[in-house]
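Chains as they are written, first to last, in the numbering used here: chain A, 62 to 477; chain B, 2 to 143.
These notes are about the structure you will find just below.
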Amino acid sequence: MDQSVITPTDAAGSLRHVRADFPILSQKVHGKDLVFLDSAASAQKPRQVIDCMADTMRTQYANIHRGLYWMSERTTEAYEAVRDQVARFLGAAAREEIVFTRNSTEAINLVAHSYGGLLKPGQVVLVSEMEHHANLVPWQMLRDRMGIELRIIPITDDGALDMEALERNLADGRVALVAITHMSNVLGTITDARAIIDMAHAAGAKVLLDGSQLAVHRRVNVQELGADFYVVTGHKLYGPTGIGVLWARRELLEAMPPFLGGGDMISTVSFERSTWANVPHKFEAGTPAIIETIGLGAALAYIESIGFDAIGAHEDALTAYALKALGNVNGLKVIGMAPQRGGVISFTMKDVHPHDIATLLDRNGIAVRAGHHCAEPLMRRLGVTATARASFGIYTTPEEIDFLAATLEQIRGFFV
Amino acid sequence: MAQDDLYRTVVLERAKAPQYAGPLPAATLNGQGANPLCGDRVQLHAVLDGQGRIEAIRHETRGCAICAASADLMAGRVTGQDRAHVGRLHAELVEAVETGTAPADLGELAAFAPLHQHRSRRRCALLPWSALIDMLNDDKNG
């Protein structure tokens, strides 16, 4: 899109009406209207999610799976219906491929523990330079536990994955798994998942995609992508905290040993030995996050009622608008300009520390993140200790971007 | 945006044009403090007199404006003071950033009182002080 011809009206798309669904957006911060530009960390919740969770606790709640009474059976149905919903949302081949976890971090740890435990010393896991700590630290722990090798694929200076380096690293045939973000939480870069998967599979490697950011902004179809593992987290999808999802191919889940032991994940138990439940329950030990899972279902229904065509168009227009608006702020430098990118924009300002930027924006009601964004190695690669980051949701408006840019210009004025 | 009550002129001026920044070749005491979460780092260099008072102090600060201004205002304020006085000032500053109310004799350091609304930024103002207290406590002659 030609950025020069985008007007605030264009960039607003058709989503302005959704703001009425988010009660928190009418709150004041330091006496100013809240301008929430930290959705990449955690998105705000529509009343459809809030009401669904509260109504569940008011009218239809009991522990699930083992209760023989009406209330337990109804709650089990509501909980398991979300598994069907998630399977459709991700384009999974079967509901049994959906494992509920606490968040993306736990989903990746599950794979690192259970699939990683099947790897042999000398096999390789590849991650990229732009991973969130959640997709780096579990593999470091696996390396130290199992004697595997962990390799880091560099990024290019504009923040895209270095595909030639990926190909070189796959060439020796020792790579068992490529674990890579589908969209960077710092740079906004959307990786070419299809190309990564094709290259990895040609070299005999499986692929895990961290979809924590991407699944909020684009429709995901794991079968069309040809992925092996995909993780998402509910609280970025306008749903509650405490619920995430691991999708994996059924044959992989069946070959993997359990992650946590306890109730619900067993078939039979004696003092001598236990046998495991079928997938996905083998990976869901203990009473799960029942209310949160049902809340996730409400969040996915809400997203689908808007539709990814509208969400994608809104965010593309808003991102282009923001890149232009921020580009006009004196001394501001956007970090990461990959050709394919989403609504996450990191930046620095000459002579102003990112923490001062964040505090001064906050005092004007604008919530942005500042720091290393759980990606310290990436910060070192970029040669900065921290950045400020503005990230957008379906409720973000071009007027909010204008206010951000104008306030940044004023902040700059304080420091020069 | 009008004059901000946290980023007052004194904070911005001392961050931009510090009066006590740089090395101190005659230093007999050297210390440092760092905040690994944000990368702020303060190095301190000082000379004490025979009575344990700070005769001269300089700081080298890499960090945000709050941290840099705090280090510079601290250096001015503690020159000529002993460890006990530094401890009292530190306690008063902690009270100010936690409650938003500055004791009357805190002077220019009261500029940091609005940090009570910014819990995550209090440590930026307090880092130079904790580095100074650690340095004085580590002084074998103290």
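Backbone N, C-alpha and C define an ideal beta-carbon position, used for all residues, glycine too.
Predicted model, so just to flag it, every value in this text is computed and none were measured.
Item, Value
"Beta carbons nearer than 8 Å to chain C: which residues of the region 449-469 of chain A have them?", "Here the protein chains are A and B, and chain C is not one of them."
"Could you give the first and the last residue of the continuous alpha helix (DSSP H) run that contains A:K385?", "F369 to G388"
"Is there a Cβ from chain B that is less than 9 Å from the Cβ of A:D417?", "yes"
"When you compare only the Cα positions, how much space is there between B:G53 and B:N138?", "12 Å"
"Can you tell me where the alpha helix (DSSP H) holding A:Q284 begins and where it ends?", "V283 to L286"
"Please name the residues in the region 61-83 of chain B whose beta-carbon is closer than 9 Å to at least one beta-carbon of chain A, in chain order.", "R63, G64, C65, A66, I67, C68 and A69"
"What are the residues of the region 399-418 of chain A that lie near chain B, defined by any Cβ-Cβ distance shorter than 7 Å?", "H414, H416 and D417"
"Please report how far the alpha carbon of A:D63 lies from the alpha carbon of A:G474, in whole angstroms.", "Because the pLDDT of A:D63 is 43, which lies under 50, any placement of that residue in the model is unreliable, and the number read from its coordinates should be weighed accordingly. C-alpha separation (whole angstroms): 30 Å."
"Would A:R77 pass as a contact of A:P341 if the rule is Cβ separation under 9 Å?", "no"
"In three-state DSSP terms, what is A:E140?", "Note on residue identity: the sequence assigns Tyr, not Glu, to residue 140 of chain A. Reduced to three states, the DSSP call for A:Y140 is helix."
"Assign A:I85 to one of three DSSP states: helix, strand, or coil.", "helix"
"Give the range of the beta strand (DSSP E) segment to which B:Q33 is assigned.", "L30 to N36"
"Spell out whether any CB of chain A is found under 9 Å from the CB atom of B:R15.", "no"
"Using Cβ-Cβ distances below 9 Å, what residues of the region 221-239 of chain A are close to chain B?", "none"
"Just to confirm my understanding: we take A:E461, look at its own chain, exclude 5 residues before and 5 after, and list those with CB closer than 6 Å. What are they?", "V96"
"Could you work out which residue in A:V395, A:N164 and A:I258 is closest to A:T354 when comparing CA atoms only?", "A:N164"
"Using a cut-off of 8 Å between C-beta atoms, extract the partners of B:R122 located in chain A.", "H416 and T420"
"Which bits of chain B does A:F485 rub up against, with CB to CB less than 7 Å?", "The structure shown does not extend to residue 485 of chain A, since chain A is modelled only from 62 through 477, so no value can be given for it."
"Could you give the distance in angstroms between the alpha-carbon of A:I67 and the alpha-carbon of A:Y456?", "Residue confidence for A:I67 is low, a pLDDT of 47 falling below 50, so the modelled location carries little weight; the figure read from the coordinates is stated next. If you take the alpha carbons of A:I67 and A:Y456, they lie about 18 Å apart."
"Pull up the distance between the alpha-carbon of B:L74 and that of B:L127, whole angstroms please.", "12 Å"
"Just checking, does the region 403-412 of chain A make contact with the region 439-458 of chain A on the three C-beta pairs under 8 Å criterion?", "yes"
"Indicate the three-state DSSP secondary structure (helix, strand or coil) for B:Y8 in the structure shown.", "coil"
"For the alpha helix (DSSP H) that A:K198 lies in, which residues bound it at each end?", "The question names Lys, yet the displayed sequence has Val at residue 198 of chain A. V198 to M207 is the extent of the alpha helix (DSSP H) around A:V198."
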